[in-house]
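What follows is a short report on a single structure.
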Amino acid sequence: AYAVLGDWLQHRGDPRGELIALMLGFERKPDADQHTAIRSQVRRHLLAHAAQFYGDLARHVESVHDYEAQDYRWRFGFIHHIATHRRSAARDAFAHPSGRFVAELVYSARELDLEALQPPASLRVFEGVFDTPVALEPIARTLPALRSLEITAPQIEATQLASPVIERVALRGQALSSACVQAIARA
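Following the working numbering, the numbering of the sequence shown begins with 3 at its first residue and continues without gaps.
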């Protein structure tokens, strides 16, 4: 699917098409020399088109020169993984065209506020560490494609956890109510 999208974008002169094509090279399991060459080409292409690929997101990265050492990890021409403790870094990426298909989020914050965070429905992996209690129902409701959920919080609550696609749940908390354990068991 990404190869088709990349071709379509390249034919329209969109630099993201070339980025997709370059990054698909990683999926072919290149040897060490090829991997290094692809990384170099991707880095040059991201830099040459930084305004399109990063735009306002550049303020959230230490340097656009090293795309592998950022809170944002790229795959298939888009931001694939975000690891941050800054809500604005995640929210801004979700709203940017480069973050349209974010699949993984590792996030730590005082509290989980999904309405303020505005994660995309495409999110499949969510790992969070929070200082305040977390309710699981809003997570399952907001993230319909979620396959893996890992939450660390002082208290975790759930009365009904209806998500047919979640395959893995890891909960770490000082308190799990019996209703929460039952909801997880039913899911």
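Using N, Cα and C, we set each Cβ at its ideal position, and we do this for glycine too.
T134, DSSP secondary structure in three states: coil
Whose C-alpha, out of I22, K31, H62, E29, is nearest the C-alpha of R45? I22
Beta-carbon proximity of T86 to L116, cut-off 7 Å: no
Per DSSP, cross-strand counterpart(s) of T38: DSSP, once it has assigned bridges, lists no residue as partnering T38.
Kindly indicate which three-state DSSP category H83 falls into: helix, strand or coil? strand
Would you tell me roughly how many angstroms separate the C-alpha atoms of L151 and H98, rounded to the nearest one? 24 Å
Do the stretch 88-98 and the stretch 110-126 meet, that is, are 3 or more Cβ pairs less than 8 Å apart? yes
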